[in-house]
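**Q**
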Amino acid sequence: MSEDTIVINFEEVISILKLPLIGTEEQIKQTKSRQEIEYRKLIAKFKGQNDEEGRKNSIESGVAEELTTIIETRDFTQISAVLVESLEHLTYPGSFENRQLLYERKNPYPGLFRLLGHQDSDVVLHALKTIGSIIYGGVGTTPISEQHPHFSKVAECDGIQKLFSIFQKASIKLMKDTAAVAFGRLFRAHEIQDKEMKSLIINHLKSIIADPDQWTSEESRRALNLLARNK
729 MSEDTIVINF
739 EEVISILKLP
749 LIGTEEQIKQ
759 TKSRQEIEYR
769 KLIAKFKGQN
779 DEEGRKNSIE
789 SGVAEELTTI
799 IETRDFTQIS
809 AVLVESLEHL
819 TYPGSFENRQ
829 LLYERKNPYP
839 GLFRLLGHQD
849 SDVVLHALKT
859 IGSIIYGGVG
869 TTPISEQHPH
879 FSKVAECDGI
889 QKLFSIFQKA
899 SIKLMKDTAA
909 VAFGRLFRAH
919 EIQDKEMKSL
929 IINHLKSIIA
939 DPDQWTSEES
949 RRALNLLARN
959 K
């Protein structure tokens with residue numbers, strides 16, 4: 729089934745996402761199951777698809793806001809990888825404009841950076857990918873000579889240190905690479921004051937520019953180019 733045949737009523741999705749996890753154990757289980765179905769619908773429609781109109785409609789209708797609210801407020805035990813992945817695919821592959829629109833509708837960084845402390849590595853990886861994708865939206869919608877427009881919001885939720893901490897301790901290569909690329913995007917035209925942090929990030933990005941993975945190779949080069957604009 730192609731994404732064109734997947735019709736989603738975004739208002740209905742929102743009404744289901746708004747359902748609180750209250751009641752008996754069985755009622756909570758049923759609510760979570762209904763919400764999981766909606767997450768999977770969003771993934772099925774948008775994963776790997778260039779449906780910009782669909783993404784814009786979903787964001788403007790408030791779907792991304794509801795997902796962000798859940799990510800911000802629920803206990804870690806109630807947050808699954810599929811939830812975070814559904815938000816990820818509202819940003820990627822997506823236009824810079826839609827990524828920026830999602831950010832402007834509701835700042836997702838507090839919730840996403842919070843998830844970097846989750847014990848499930850899949851949750852952490854999807855959160856990292858989403859963070860990097862939204863940061864890239866800020867890169868692509870503003871002049872390349874300017875500092876990143878999201879920088880202060882990321883700093884406010886201790887995102888810089890959390891991102892660096894994940895970079896340092898990650899045992900999964902993709903996680904480490906994704907964190908380094910996100911760093912390069914965020915510090916466009918903005919000096920990394922911590923010398924050790926700067927050295928480790930730049931050296932790692934340089935070490936993966938010839939990576940066999942296309943995304944890793946291309947995005948590490950782009951991240952280094954953005955860092956090269958630091959004054």
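Positions in the sequence shown are counted from 1; adding 728 to them yields this note's numbering. From the three backbone atoms N, C-alpha and C, an ideal C-beta is built for every residue, glycine too. Here the structure is a predicted model, which is why all the values come from computation and not from measurement.
#1: In angstroms, rounded to a whole number, what distance separates the CA positions of leucine 795 and alanine 855?
#2: Do alanine 809 and glycine 860 come within 8 Å of each other at the CB atom, strictly closer than that value?
#3: Go through the region 760 to 794 residue by residue and report every complete run of the alpha helix (DSSP H) that reaches 4 residues or more, in order.
#4: Closest to isoleucine 734 by C-alpha separation, out of Gly782, Arg762, Ile742, Leu749, would be which residue?
#5: Alpha carbon to alpha carbon, how far is glycine 865 from glycine 822? Give it in angstroms, no decimals.
#6: Measure the CB-CB distance between isoleucine 863 and leucine 830 and report whether it falls below 8 Å.
#7: Check whether the Cβ atoms of tyrosine 837 and valine 882 lie closer than 8 Å to each other.
#8: Pop quiz: arginine 913 and alanine 951 are said to be a contact at Cβ under 8 Å. What is the actual Cβ separation, rounded to whole angstroms?
#9: Contact between the region 832 to 847 and the region 918 to 926 is defined here as three or more beta-carbon pairs at a separation below 8 Å; is this criterion met?
#10: In terms of residues, what are the limits of the alpha helix (DSSP H) holding asparagine 953?
#11: I need the DSSP call for threonine 858, collapsed to helix, strand or coil.
#12: Check for me: the alpha helix (DSSP H) holding histidine 876 runs from which residue to which?
**A** Per the coordinate set shown:
#1: Walking along the sequence shown from the start, residue 795 turns up at place 67. Walking along the sequence shown from the start, residue 855 turns up at place 127. Roughly 12 Å between the two C-alpha positions.
#2: Taking the first residue of the sequence shown as 1, we reach residue 860 at position 132. Taking the first residue of the sequence shown as 1, we reach residue 809 at position 81. Not closer than 8 Å, so no.
#3: 780 to 789
#4: On the sequence shown, residue 734 is found 6 positions in, with the first residue counted as 1. Closest option to isoleucine 734, Cα to Cα, is Gly782.
#5: As a position in the sequence shown, residue 822 is number 94, starting the count at 1. As a position in the sequence shown, residue 865 is number 137, starting the count at 1. Each residue's alpha carbon lies about 9 Å from the other.
#6: Working through the sequence shown from its first residue, we reach residue 863 at position 135. Working through the sequence shown from its first residue, we reach residue 830 at position 102. Against a cut-off of 8 Å, the Cβ pair of leucine 830 and isoleucine 863 comes out as no contact.
#7: Here the question's residue 837 lines up with position 109 in the sequence shown. Here the question's residue 882 lines up with position 154 in the sequence shown. Result yes, Cβ atoms of tyrosine 837 and valine 882 sit closer than 8 Å.
#8: As a first step, residue 913 must be located in the sequence shown, where it is residue number 185. As a first step, residue 951 must be located in the sequence shown, where it is residue number 223. Contact holds; Cβ gap of about 6 Å.
#9: no
#10: Residue numbering aside, residue 953 sits at position 225 when the sequence shown is read from its first letter. Per DSSP, the unbroken alpha helix (DSSP H) holding asparagine 953 starts and ends at 942 to 955.
#11: As a first step, residue 858 is located in the sequence shown; it is residue number 130 there, counting from the start. Three-state result, threonine 858: helix.
#12: Taking the first residue of the sequence shown as position 1, residue 876 is located at position 148. That residue, histidine 876, is in no alpha helix (DSSP H); it is neither H nor E in DSSP.
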